[in-house]
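Asker: Below is one structure. I have some questions about it.
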Amino acid sequence: MKFFNQLKPYLYLAPVLIPIAVFVFYPLAKSLEISFYSWNMVSVNRQYVGLDNYAHLLNSDEFWKSVQNTIVYTLLLLLFLLVFPFLVAYGITQVRNRLQSFYKSAIFLPTVLSLAVSSIVFLWLLNPISGSVNHFLGLFGIPSINWLSAPGWSLLSVVIITSWKTFGYHFILLLSGILSVPQDLVEAARIDGVNSSLGLLRKIYIPLSSGTIMFVFVVTVVFGIQWSFVPIQMLTNGGPNQMTTHLVFNVYQYAFQFFQSGLASAVAVLTFIAFIGLIIFQAFVMERRVHYEN
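Numbered according to our numbering, the sequence shown spans residues 3 to 296.
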C-alpha cells in the first residue's frame with residue numbers, strides 16, 4: 003500500500019509523460035543513435051562511422067552556409083516578429099476610436115491561413131512578370147525583381163512570407179503585454195516629464211512588458227526557422243545556390259532528398275545543442291532583466 007501511494011503521483015502524470023517520452027525523448031535518442039551511422043533509411047544494414055558525420059559537417063561549406071543563413075533568418079524574424087509587432091501594438095493603443103477593433107482584426111486575419119496558402123499567395127504576388135508587387139514598383143520606374151530566385155532577395159522574401167502569416171499572433175501577444183501596463187504608472191511618468199512616445203516606450207512600456215517580450219523572443223527564435231520551412235520547401239527548395247537553406251531545411255535535405263540519414267541526424271543533434279545553449283543563456287542572463295508583476 004505504501005508503494006502504491008508513492009507511485010500514485012506518477013500515475014497521475016503518466017498521461018502527459020508517456021506521450022512526451024514517446025514523441026519527444028525517444029525520437030531525440032534515436033536521432034543521436036543514427037547520427038553515428040551511415041544509413042540511407044532503405045537498406046537493412048547500417049554502417050557505424052562514429053563521429054565521421056559530425057566531422058564531415060564541421061568541414062562542410064554547405065553546413066556553415068546553412069548556419070549563417072539560420073542566424074540571418076533569426077535576426078530578420080526578430081525584427082519582423084518582435085520589434086515591428088511591438089511598435090504596431092503600441093501604435094494601436096494610441097488609437098482612441100472605433101477603428102481600433104478593425105485594425106486588430108485586420109492585422110490578425112492572416113494568422114488563420116496556413117503557411118502553404120500564404121506561400122501560394124506570395125508566389126502570385128512576387129511573380130517577376132505578372133506579380134502585383136513588381137507592377138506596383140514599376141509605377142515608380144523601379145525595374146522588375148526576381149524575388150524568389152535572386153540571391154540578394156530570396157532569403158528576405160521567405161522571411162516576409164513567414165512574418166506576414168505569423169505577425170498577427172505576435173501582435174496580439176505583445177498588445178496584451180502593453181495593455182497590462184498599469185495606467186497610473188504611465189500617468190506618473192507623464193507628471194515626471196516623460197511625455198514623448200519614445201520616452202514612454204523606453205522607460206515604461208518596454209520594461210513593464212518585458213515578460214511578454216521575452217516569451218515572444220523565445221518563441222520566435224525556437225519556432226521561427228521551423229515556420230520558414232514551408233515557404234522554402236514550396237518556393238525556393240533552398241536555392242538559389244543555398245541562399246535560403248537553414249539548419250531545419252538542411253535536415254530535410256539530407257534525410258529525404260539525399261537519403262543520408264546519419265548526416266541529417268547529426269545536423270538535428272547540433273541544432274538541438276545550439277538551442278540548449280540559447281535556453282541556458284536566456285535563463286541565466288536575459289531572464290535577470292525581465293520584470294514580472296508580484
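Every residue gets a Cβ at the ideal spot worked out from N, C-alpha and C, and that includes glycine. From a predicted model like this one, the values you see are computed outputs, not experimental measurements.
Counting C-beta neighbours from all protein chains within 10 Å, is the total for residue 53 16 or more, i.e. buried, or is it exposed?
Answerer: The residue you call residue 53 lines up with position 51 of the sequence shown. The residue is exposed, with fewer than 16 neighbouring Cβ atoms inside 10 Å.
Asker: Residue 110 and residue 173 look like a contact to me (Cβ under 8 Å); what is the Cβ gap, rounded to whole Å?
Answerer: Along the sequence shown, read from residue 1 onward, the residue named residue 110 stands at position 108. Along the sequence shown, read from residue 1 onward, the residue named residue 173 stands at position 171. 7 Å between Cβ atoms; contact.
Asker: Compute the distance between the beta-carbons of residue 97 and residue 105, then report whether it is under 8 Å.
Answerer: Translated into positions along the sequence shown, residue 97 becomes position 95. Translated into positions along the sequence shown, residue 105 becomes position 103. Closer than 8 Å, so yes.
Asker: Report the residue ranges of all beta strand (DSSP E) runs contained in full by the region 102-157; include only those spanning at least 3 residues, in chain order.
Answerer: Listed in chain order, there is nothing to give.
Asker: Rounded to the nearest angstrom, how far is the Cβ of residue 160 from that of residue 234, given a contact under 8 Å?
Answerer: Looking up residue 160 in the sequence shown gives position 158. Looking up residue 234 in the sequence shown gives position 232. Residue 160 to residue 234, Cβ: 6 Å. Contact.
Asker: Mapping the DSSP letters down to three states, classify residue 263 as helix, strand or coil.
Answerer: Here residue 263 is taken as the residue at index 261 of the sequence shown, counted from 1. If DSSP states are grouped into helix, strand and coil, residue 263 belongs with the helices.
Asker: So what does DSSP say about residue 230, is it helix, strand or coil?
Answerer: Counted from its first residue, the sequence shown places residue 230 at position 228. In this structure, residue 230 counts as coil in the three-state DSSP scheme.
Asker: For residue 137, count neighbouring Cβ atoms within 10 angstroms of its own Cβ and tell me buried if that reaches 16, exposed if not.
Answerer: As a position in the sequence shown, residue 137 is number 135, starting the count at 1. Flag for residue 137 reads exposed.
Asker: Residue 50 bridges to which residues according to DSSP?
Answerer: Looking up residue 50 in the sequence shown gives position 48. DSSP output for residue 50 lists 39 as bridge partner(s).
Asker: Could you have a look at residue 182 and say whether DSSP puts it in helix, strand or coil?
Answerer: Walking along the sequence shown from the start, residue 182 turns up at place 180. Of the three classes helix, strand and coil, the one that applies to residue 182 here is coil, per DSSP.
Asker: Measure from the alpha carbon of residue 50 to the alpha carbon of each residue in 81, 84 and 36, then state which is nearest.
Answerer: In the sequence shown, residue 50 corresponds to position 48, counting from 1. It is 36.
Asker: Could you tell me the alpha carbon to alpha carbon distance between residue 124 and residue 107, rounded to whole angstroms?
Answerer: In the sequence shown, counting from the first residue as 1, residue 124 sits at position 122. In the sequence shown, counting from the first residue as 1, residue 107 sits at position 105. Straight-line Cα distance between these residues: approximately 21 Å.
Asker: In terms of alpha-carbon separation, which member of 244, 269 and 122 lies closest to residue 34?
Answerer: As a working mapping, residue 34 is identified with position 32 in the sequence shown. It is 269.
Asker: Taking the alpha-carbon of residue 247 as reference, which of 92, 82, 66 and 178 has the nearest alpha-carbon?
Answerer: Taking the first residue of the sequence shown as 1, we reach residue 247 at position 245. Looking at the Cα atoms, 66 is the closest of the given residues.
Asker: Since residue 78 is in the alpha helix (DSSP H), which residue starts that stretch and which ends it?
Answerer: Translated into positions along the sequence shown, residue 78 becomes position 76. Residue 78 -> alpha helix (DSSP H) spans 63-80.
Asker: If you follow the alpha helix (DSSP H) that residue 206 is in, where does it begin and where does it stop?
Answerer: On the sequence shown, position 204 is the one that residue 206 refers to. Unbroken run through residue 206: none, as it is neither H nor E.
Asker: Can you give me the C-alpha to C-alpha distance between residue 210 and residue 82, rounded to a whole angstrom?
Answerer: For the purposes of this step, residue 210 is taken as the residue at position 208 of the sequence shown. For the purposes of this step, residue 82 is taken as the residue at position 80 of the sequence shown. Approximately 21 Å between the Cα atoms of the pair.
Asker: Apply the 10 Å Cβ neighbour rule to residue 7 and answer buried if 16 or more other Cβ atoms are within range, or exposed otherwise.
Answerer: Numbered from its first residue, the sequence shown carries residue 7 at position 5. Exposed.
Asker: Would the region 36-48 count as touching the region 220-240 if we require 3 or more Cβ pairs under 8 Å?
Answerer: Segments in contact, no.
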